[in-house]
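Report on the following structure.
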Amino acid sequence: MTAQEDAAVLKNMYYSSLDNGMSYRWLDHLSNKIGGRLSGSSGAEAAVEYTRLEMEKLGLDSVWLQPVMVPKWVRGAKESGYFITGNKRHELNICALGGSVATPREGLMAQVIEVQGIEELKTLGAEKIKGKIIFFNRPMEATLIETFRAYGGCVDQRYSGAMEAGKLGALGVVVRSMNLRLDEYPHTGAMTYGDLPENLRIPSAAISTIDAEALSAAIRIDPLLKLSFKQSCEQHEDVESFNVIGQITGSEFPDEIIIVGGHLDSWDMGDGSHDDGAGVVQSMEVLRLMKLQVKKPKRSIRVVLFMNEENGLRGGRKYAQEAKLNQEEHIMALESDSGGFTPRGFSFDCSDEEFEQVQGWASLFKPYLIHYFEKGGSGADIGPLKKEGMVLAGLRPDSQRYFDYHHTSIDTFDAVNKRELELGAATMASLVYLFDKYGLKNKKNTPIKN
Numbered sequence: 009m010t011a012q013e014d015a016a017v018l019k020n021m022y023y024s025s026l027d028n029g030m031s032y033r034w035l036d037h038l039s040n041k042i043g044g045r046l047s048g049s050s051g052a053e054a055a056v057e058y059t060r061l062e063m064e065k066l067g068l069d070s071v072w073l074q075p076v077m078v079p080k081w082v083r084g085a086k087e088s089g090y091f092i093t094g095n096k097r098h099e100l101n102i103c104a105l106g107g108s109v110a111t112p113r114e115g116l117m118a119q120v121i122e123v124q125g126i127e128e129l130k131t132l133g134a135e136k137i138k139g140k141i142i143f144f145n146r147p148m149e150a151t152l153i154e155t156f157r158a159y160g161g162c163v164d165q166r167y168s169g170a171m172e173a174g175k176l177g178a179l180g181v182v183v184r185s186m187n188l189r190l191d192e193y194p195h196t197g198a199m200t201y202g203d204l205p206e207n208l209r210i211p212s213a214a215i216s217t218i219d220a221e222a223l224s225a226a227i228r229i230d231p232l233l234k235l236s237f238k239q240s241c242e243q244h245e246d247v248e249s250f251n252v253i254g255q256i257t258g259s260e261f262p263d264e265i266i267i268v269g270g271h272l273d274s275w276d277m278g279d280g281s282h283d284d285g286a287g288v289v290q291s292m293e294v295l296r297l298m299k300l301q302v303k304k305p306k307r308s309i310r311v312v313l314f315m316n317e318e319n320g321l322r323g324g325r326k327y328a329q330e331a332k333l334n335q336e337e338h339i340m341a342l343e344s345d346s347g348g349f350t351p352r353g354f355s356f357d358c359s360d361e362e363f364e365q366v367q368g369w370a371s372l373f374k375p376y377l378i379h380y381f382e383k384g385g386s387g388a389d390i391g392p393l394k395k396e397g398m399v400l401a402g403l404r405p406d407s408q409r410y411f412d413y414h415h416t417s418i419d420t421f422d423a424v425n426k427r428e429l430e431l432g433a434a435t436m437a438s439l440v441y442l443f444d445k446y447g448l449k450n451k452k453n454t455p456i457k458n
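Take the sequence shown: its letters are residues 9 to 458, numbered as in the working numbering.
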């Protein structure tokens, strides 16, 4: 009878999300009324207030803001860049990387040296690098079906390229965008200077994949080719922002906490609908569905909308610090930060014992074409919570188109399919329901008497 009861609850989760869900309406407001939500910006501030008010409308047991200090980086005027081949000037689709310093006011021009990665850069050494602009041109590996593996295989050049080139005396860095297709959209993203002194910190930008191909071809023709780019970004003092948290308190085991979340901040070029507006509204929808379908969960179900995942992860770290300080017991955490595409399943960071329980639930998801249950990563914001015995999980949508939009000006509301978004929310709610009902296999429970 239990399996039938569970199947009925999951069916209602999907029906409610698809028939009268709130996730798409919330995303419409977040994307089209507020827009980009880079940490420290007015958009991020507006998003905090909007999501707080919407959670309060859900009638949760508690909603609160958790203060966290975040970096404030401002892009400034639209970036520009070009190179000249023969008598033809090739204008670049270019954007500053998050955290970069500006170029001189008049821009930067120097000979450009193409490398395939940081190791090749180091092999060339300071003698060949000093005074040059470095062009990192290692593409994402197209043969990898798991696109996040392809991303992970080359994102080091974006994140650390300017730091390593600066050590060798380079004047600037341009990076091929982290994108599997050829198009004209540059992809921003976080970069670091580590502990480099300020006089070695050089401007860093991304160019579109089409421009990367054109630049590489031009260098083959003219190895002494010069490139110019200009950007006016600024780093300000840290400012206060907030994680937004809402909770349904458990009826039997209120001290056992299950969290579901996404990151409220986004990059500033689009409106962050896939990254990670989708995860935000799906996580809010999980609590709405739990309240609607389960009435009184056994365990405390908490939604956490993390601030500053994109350029600091301070919201995730702050939440984990406070959880430890307050001696809270988190048994399970689920994150959605892979876009609002069709859900395929979940990846889990947990013990073999807990994963065996998850595998036992797989048949319940089969009617909804959810089939991916694998051990692996979970999510950046919930990672700091990790402890022995806990289950961390990440929603895994179909990712083949995710990096077409990731960190670009076209990560906008129109790129998200309503039905796919709602299916993801229902899939997340279903997993949360099962963990709420059955708890962890490694834990013996005694309900708290009221």
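In this text, a Cβ means the ideal position worked out from N, Cα and C, and glycines have one as well.
This structure is a prediction, so every number in the text was calculated from the model and none was measured.
Spatially closest choice to residue i from the options, by CA coordinates
| i | options | result |
| --- | --- | --- |
| residue 150 | 335, 357 and 161 | 161 |
| residue 393 | 270, 353 and 325 | 325 |
| residue 203 | 415, 240, 441 and 175 | 175 |
| residue 409 | 378, 449, 430 and 346 | 346 |
| residue 523 | 401, 263 and 310 | This structure leaves residue 523 out entirely; the chain is present only between 9 and 458. |
| residue 445 | 340, 271 and 56 | 340 |
| residue 156 | 259, 192 and 386 | 386 |
| residue 87 | 443, 24, 205 and 196 | 196 |
| residue 185 | 220, 109 and 211 | 220 |
| residue 281 | 344, 348, 257 and 183 | 348 |
| residue 342 | 10, 440 and 241 | 440 |
| residue 240 | 360, 167, 114 and 294 | 114 |
| residue 422 | 37, 29 and 14 | 37 |
| residue 298 | 442, 129, 119 and 58 | 442 |
| residue 388 | 363, 271 and 365 | 271 |
| residue 284 | 182, 362, 337 and 420 | 420 |
| residue 119 | 27, 253 and 136 | 136 |
| residue 412 | 395, 187, 243 and 425 | 187 |
| residue 153 | 405, 433 and 418 | 405 |
| residue 336 | 356, 263 and 376 | 263 |
| residue 377 | 27, 159, 245 and 19 | 19 |
| residue 208 | 254, 433 and 173 | 173 |
Residues bridged to residue i [DSSP beta-bridge criterion]
| i | result |
| --- | --- |
| residue 117 | 236 |
| residue 432 | DSSP, once it has assigned bridges, lists no residue as partnering residue 432. |
| residue 309 | 256 and 266 |
| residue 383 | 356 |
| residue 75 | 250 |
| residue 289 | Paired residues: none, contrary to the question. |
| residue 80 | 244 |
| residue 70 | 255 |
| residue 37 | Residue 37 pairs with nothing; no bridge assigned. |
| residue 443 | Partner(s): none; residue 443 has no beta bridge. |
| residue 271 | 314 |
Contact belief for residue i with residue j at Cβ below 8 Å, rounded distance in angstroms
| i | j | result |
| --- | --- | --- |
| residue 334 | residue 74 | 11 Å between Cβ atoms; not a contact. |
| residue 229 | residue 93 | 7 Å |
| residue 249 | residue 316 | 7 Å |
| residue 177 | residue 134 | 5 Å |
| residue 89 | residue 237 | 3 Å |
| residue 367 | residue 381 | 6 Å |
| residue 448 | residue 32 | At roughly 33 Å, the Cβ-Cβ gap does not stay under 8 Å, so residue 448 and residue 32 are not in contact. |
| residue 199 | residue 106 | 7 Å |
| residue 403 | residue 390 | That pair is no contact at about 12 Å. |
| residue 69 | residue 256 | 6 Å |
| residue 80 | residue 247 | 5 Å |
| residue 286 | residue 359 | Between residue 359 and residue 286 the Cβ distance is about 29 Å, and since that is not below 8 Å, they are no contact. |
| residue 312 | residue 258 | Their Cβ separation, rounded to whole angstroms, is 16 Å, which puts residue 312 and residue 258 out of contact at 8 Å. |
| residue 180 | residue 141 | 5 Å |
Cutoff 9 Å: residue i Cβ touching any chain D Cβ
| i | result |
| --- | --- |
| residue 153 | Note that chain D does not occur in the displayed structure, where there is just one protein chain. |
Are there three or more Cβ pairs, one per stretch, closer than 8 Å when the segment 46 to 56 is compared with the segment 259 to 276?
Yes, they touch.
Are the segment 107 to 127 and the segment 137 to 153 touching by the rule of at least three beta carbon pairs closer than 8 Å?
yes
What are the start and end residues of each continuous alpha helix (DSSP H) run of 4 or more residues lying completely inside the segment 84 to 164, in chain order?
126 to 137 and 155 to 160
Enumerate, from N- to C-terminal direction, the unbroken beta strand (DSSP E) stretches of 3 or more residues contained entirely within the segment 239 to 269.
Taking only runs of at least 3 residues, the beta strand (DSSP E) segments lying wholly in the segment 239 to 269 are 242 to 256.
May I have a chain-ordered list of the beta strand (DSSP E) segments no shorter than 3 residues that lie completely inside the segment 327 to 362?
337 to 343 and 351 to 357
Closer than 8 Å is the cut-off here; do at least three beta carbon pairs connect the segment 22 to 41 with the segment 302 to 319?
no
Ignoring anything shorter than 3 residues or poking outside the segment 361 to 422, list the beta strand (DSSP E) runs there in chain order.
380 to 383 and 399 to 405
Cβ contact (3+ pairs, closer than 8 Å) linking the segment 208 to 219 and the segment 101 to 118
Segments in contact, yes.
Do three or more CB pairs link the segment 290 to 306 to the segment 372 to 384 at distances below 8 Å?
no
Could you tell me which uninterrupted beta strand (DSSP E) segments, each at least 3 residues in length, are contained entirely in the segment 163 to 238, listed from first to last along the chain?
180 to 184, 212 to 215 and 234 to 238
Between the segment 54 to 73 and the segment 181 to 194, can you find at least three pairs of beta-carbon atoms closer than 8 Å?
no
Tell me, please, whether the segment 286 to 293 touches the segment 421 to 440 by the rule of three or more beta-carbon pairs shorter than 8 Å.
Yes, they touch.
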